[in-house]
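Each residue of the sequence shown is one higher than the last, beginning at 1 in the UniProt record's numbering.
Report on the structure given below.
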Amino acid sequence: MHSWRVLLLPYLDQRQLYEQYDFSKPWDSPGNLQLAARRPRTYLLHGVDDDGGIATNYLAVVGEGTPWPAGRMMTHEMMEETAGRTIRVVENVGSGILWTEPRDLDFSTMPMTLKDYPADGISSWLQPPAVAMVDGSTVTLSMELTEDEVRNMLLIDSDQELPGGAQEIEDGRDRPIKE
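Below, the structure written as structure tokens:
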């Protein structure tokens, strides 16, 4: 199994890195781990200095009812009706997940709160934290969102509209770094 972040490389002007990755070997084979040191800037929060690490700041939330159900693939058509109110990718700091690692957040165990910047949940050095929606829009999340509001935003079949504490923005880079 390989990370969706590796599979996106050709679409991020990283075709050469993609072609060097050996899909016939595990993601953590010596050769593939060596490539992890060449983390694309895309997988690091904007405005944060590149520390030379290999962790990512962008994770999916995997689980039943989410756009990333374990062991199955979802098409855009399957999520079209709720695409503007369903989260596809979240910001995260502190998880230590390598950008090449086929691991993300687990819907069934992750905290649904945005307070205290959980390493195993939605968290960011930028204020407020932002997420990418299924329709491609970027939405910031108020720290005041309830756990139920966050949970509903992660589920495809939720009939909840975007809560008031979620604001669509033009450019996710236009946010201050947390003090």
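Even glycine gets a Cβ: it sits at the ideal position worked out from N, Cα and C.
None of these values were measured; they are calculated from a predicted model.
{"Check": "Which full runs of the alpha helix (DSSP H) of 4+ residues lie inside the segment 108-174, going along the chain?", "Outcome": "147-154"}
{"Check": "Using DSSP with H/G/I as helix, E/B as strand and the rest coil, what is residue 105?", "Outcome": "strand"}
{"Check": "Taking residue 131 as the reference, give the member of 90, 101, 119 with the closest Cα.", "Outcome": "90"}
{"Check": "Check the DSSP bridge columns for residue 21 and list the partner residues they point to.", "Outcome": "According to DSSP, residue 21 bridges with nothing at all."}
{"Check": "Just to confirm the assignment, what range does the beta strand (DSSP E) spanning residue 89 have?", "Outcome": "87-91"}
{"Check": "Buried or exposed for residue 177, please, with buried defined as at least 16 other CB atoms from any protein chain shown within 10 angstroms of its CB.", "Outcome": "exposed"}
{"Check": "Inspect the beta-carbon positions of residue 41 and residue 53 and report whether they are closer than 9 Å.", "Outcome": "no"}
{"Check": "With C-beta atoms as the reference, is residue 92 less than 9 Å away from residue 121?", "Outcome": "yes"}
{"Check": "In angstroms with no decimal places, state the Cα-to-Cα distance between residue 2 and residue 138.", "Outcome": "25 Å"}
{"Check": "So residue 153 packs on residue 84, CB below 8 Å; how close in whole Å?", "Outcome": "The Cβ separation is near 11 Å, so there is no contact."}
{"Check": "I'd like the span of the alpha helix (DSSP H) that includes residue 31, first residue to last.", "Outcome": "30-36"}
{"Check": "I'd like the list of long-range same chain contacts for residue 123, defined as Cβ closer than 6 Å, with 5 residues on each side in sequence excluded.", "Outcome": "92, 93, 117"}
{"Check": "Return yes when the Cβ of residue 126 is within less than 9 Å of the Cβ of residue 45, no when it is not.", "Outcome": "yes"}
{"Check": "What does the Cβ neighbour count give for residue 10, buried or exposed, with the cut at 16 atoms within 10 Å?", "Outcome": "exposed"}
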